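Novice: The structure's right below; bear with me while I get my questions together.
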Amino acid sequence: MAVPPSAPLSCSPFYLRRQAPCPQCSWGMEEKAAASAGCPRAAAVPCFGVSVDQDDILPGALRLIQELRPHWKPEQVRTKRFTDGITNKLVACYVEEDMRDCVLVRVYGERTELLVDRENEVRNFQLLRAHGCAPKLYCTFQNGLCYEYMRGVALGPEHIREPRLFSLSADVPKVEVLERELAWLKEHLSQLESPVVFCHNDLLCKNIIYDSTKGHVRFIDYEYAGYNYQAFDIGNHFNEFAGVNEVDYCRYPVRETQLQWLRYYLQAQKGMAVTPREVERLYVQVNKFALASHFFWALWALIQNQYSTINFDFLRYAVIRFNQYFKVKPQVSALEMPK
Numbered sequence: 047m048a049v050p051p052s053a054p055l056s057c058s059p060f061y062l063r064r065q066a067p068c069p070q071c072s073w074g075m076e077e078k079a080a081a082s083a084g085c086p087r088a089a090a091v092p093c094f095g096v097s098v099d100q101d102d103i104l105p106g107a108l109r110l111i112q113e114l115r116p117h118w119k120p121e122q123v124r125t126k127r128f129t130d131g132i133t134n135k136l137v138a139c140y141v142e143e144d145m146r147d148c149v150l151v152r153v154y155g156e157r158t159e160l161l162v163d164r165e166n167e168v169r170n171f172q173l174l175r176a177h178g179c180a181p182k183l184y185c186t187f188q189n190g191l192c193y194e195y196m197r198g199v200a201l202g203p204e205h206i207r208e209p210r211l212f213s214l215s216a217d218v219p220k221v222e223v224l225e226r227e228l229a230w231l232k233e234h235l236s237q238l239e240s241p242v243v244f245c246h247n248d249l250l251c252k253n254i255i256y257d258s259t260k261g262h263v264r265f266i267d268y269e270y271a272g273y274n275y276q277a278f279d280i281g282n283h284f285n286e287f288a289g290v291n292e293v294d295y296c297r298y299p300v301r302e303t304q305l306q307w308l309r310y311y312l313q314a315q316k317g318m319a320v321t322p323r324e325v326e327r328l329y330v331q332v333n334k335f336a337l338a339s340h341f342f343w344a345l346w347a348l349i350q351n352q353y354s355t356i357n358f359d360f361l362r363y364a365v366i367r368f369n370q371y372f373k374v375k376p377q378v379s380a381l382e383m384p385k
């Protein structure tokens, strides 16, 4: 979720407060020694020369566990596969029933480096952890990383519509059509003056972990995180209300729900009451940038369809996103910024 660049990160109560990273932190650059300025230095992370077979994850995962948890007896290690993700493959390794000490082994999807800067992902992971906003990163390996399991429930589309939590059939468009649409998006969206902030960029339901015992949430999976337009990150989050496996855009939040959500967001950012005009302005920006979200993930799905080994109908997903883009474009284009 969007975090404007000015003040140290804070991760409570729900969604990140839109505050700034420490100015001494280097986002996407070499880390600076900034402990004296109040910004924690990220600890070095071990890197193992292990490549885990995507089609047979467990042997490689258990080899990594021997390095990370040498006191665990191999015959006592339990594993659990997670199947919600459509970019990477994920397995949990643990010995206790309650998964109190659990290591997640994430194996990058085939050729996802075409889309994701993996070095930047690790830097983002470490920096967010230094500010208390991410789980522990235990190690990296040749085609993945290992990190701490976060207790809680991964949200579903039915959950993120609750106000209490935020207190097909068409061909893929031709290349020339997509080029025209991309040019239109650049021209149209650049006029909206949405601030550039640090964003999650992939805030689908399952990347939000809700801990009901502590009454807070945490975000996971930072592979797409980086600087982006604030309105893109929020618009992308609203698009994710529709789900991934069974996409239903009837779940896209209605205007009233969006205005309520955006009011909470702005009040958390500013620390004071906001005007209806401020909320309306962000509403227009968000819904216009939601078009860019559809466009991006449709192109992403086309690339994944070419290279990914994950059992998911990426081509169908690309068509769904392009369909929704062209369906809502006329009404979204007609939205005007408040005077």
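Going by our numbering, the sequence shown opens with residue 47, and the numbers climb by one from there. Where is the CB? At the ideal position from N, CA and C, for every residue including glycine. These numbers were taken from a predicted model, which means no experiment stands behind them.
Give a yes or no on whether the C-beta atoms belonging to F187 and S258 are separated by under 9 angstroms.
Specialist: No.
Novice: For F94, which three-state DSSP category applies?
Specialist: In this structure, F94 counts as strand in the three-state DSSP scheme.
Novice: Count the C-beta pairs between the region 356-373 and the region 339-347 that are closer than 8 angstroms, then say yes if the count reaches three, no if not.
Specialist: Yes, since at least three Cβ pairs between the region 356-373 and the region 339-347 fall closer than 8 angstroms, the two stretches touch.
Novice: Please classify A319: is it buried, with 16 or more other beta-carbons within 10 angstroms of its beta-carbon, or exposed?
Specialist: Counting Cβ neighbours within 10 Å, A319 comes out exposed, since fewer than 16 surround it.
Novice: Considering only residues of the same chain and omitting the five flanking positions on each side of R127, which have a CB-CB separation below 7 angstroms?
Specialist: Taken in chain order, the residues that qualify are V137.
Novice: Report the residue from D279, Y195, Y310 whose alpha carbon sits nearest the alpha carbon of P241.
Specialist: Comparing Cα-Cα distances from P241 to each of D279, Y195, Y310, the minimum goes to D279.
Novice: Would you mind giving the Cβ-Cβ distance between N285 and H340, rounded to the nearest angstrom? I have them listed as a contact below 8 angstroms.
Specialist: That belief holds up - the Cβ atoms of N285 and H340 are roughly 7 angstroms apart, short of 8 angstroms.
Novice: The ligand GTP and L249: does any heavy atom of the ligand fall closer than 8 angstroms to the residue's C-beta?
Specialist: Absence of the ligand GTP is noted for the structure shown, with no ligands found whatsoever.
Novice: Is DSSP giving S52 helix, strand or coil here?
Specialist: Any reading at S52 needs caution, since the residue's pLDDT is 36, under 50, leaving its predicted position unreliable; the model's value is listed next. Correct three-state label for S52: coil.
Novice: Identify every residue that forms a DSSP beta bridge with V111.
Specialist: Note that residue 111 is Ile in the sequence shown here, rather than Val. In the DSSP output, where bridge partners are listed per residue, I111 has none listed.
Novice: Taking Cβ to Cβ, would you say L160 is nearer than 9 angstroms to A271?
Specialist: In this structure, A271 does not lie closer than 9 angstroms to L160 by Cβ.
Novice: Apply the 10 Å Cβ neighbour rule to E269 and answer buried if 16 or more other Cβ atoms are within range, or exposed otherwise.
Specialist: Buried: at least 16 other Cβ atoms inside 10 Å.
Novice: Do L110 and V149 come within 9 angstroms of each other at the CB atom, strictly closer than that value?
Specialist: Yes; because the gap between Cβ atoms is below 9 angstroms, this pair is in contact.
Novice: Find the nearest neighbour of A380 within the set L337, N357, A176, V199, judged by alpha-carbon distance.
Specialist: Checking every option, the nearest Cα to that of A380 belongs to L337.
Novice: Given a cut-off of 9 angstroms on the beta-carbon distance, is the pair Y353 and E142 in contact?
Specialist: No. Outside cutoff.
Novice: Tell me which residue opens and which closes the beta strand (DSSP E) that H262 is part of.
Specialist: Looking at the DSSP string, the run of the beta strand (DSSP E) that includes H262 is 262-265.
Novice: Under three-state DSSP, which class holds L136?
Specialist: The answer is strand: DSSP assigns L136 an E or B state.
Novice: Work out the CA separation of E121 and C251 for me, nearest whole Å.
Specialist: Approximately 34 angstroms between the Cα atoms of the pair.
Novice: If R309 sits next to V325, beta carbons under 8 angstroms apart, how far is it from one beta carbon to the other, in whole angstroms?
Specialist: Indeed, because the Cβ distance is near 5 angstroms, the residues count as touching under 8 angstroms.
Novice: From P116, V332, Y295, pick the residue whose C-alpha is nearest to that of M383; which is it?
Specialist: Closest by alpha carbon: V332.
Novice: Work out the CA separation of H117 and F287 for me, nearest whole Å.
Specialist: Computed Cα separation, rounded: 42 angstroms.
Novice: Please name the residue in F94, G106, V162 whose C-alpha comes closest to that of D267.
Specialist: Ranking the options by Cα distance to D267, first place goes to V162.
Novice: What span of residues does the alpha helix (DSSP H) with D359 cover, start to end?
Specialist: Where D359 is concerned, there is no enclosing alpha helix (DSSP H), given that its DSSP letter is neither H nor E.
Novice: Contact check, G95 vs Y154 under 8 angstroms by CB: the rounded distance?
Specialist: Not confirmed; about 15 angstroms, so no contact.
Novice: Would you call the CB atoms of V91 and L183 closer than 9 angstroms?
Specialist: Yes, they are a contact pair.
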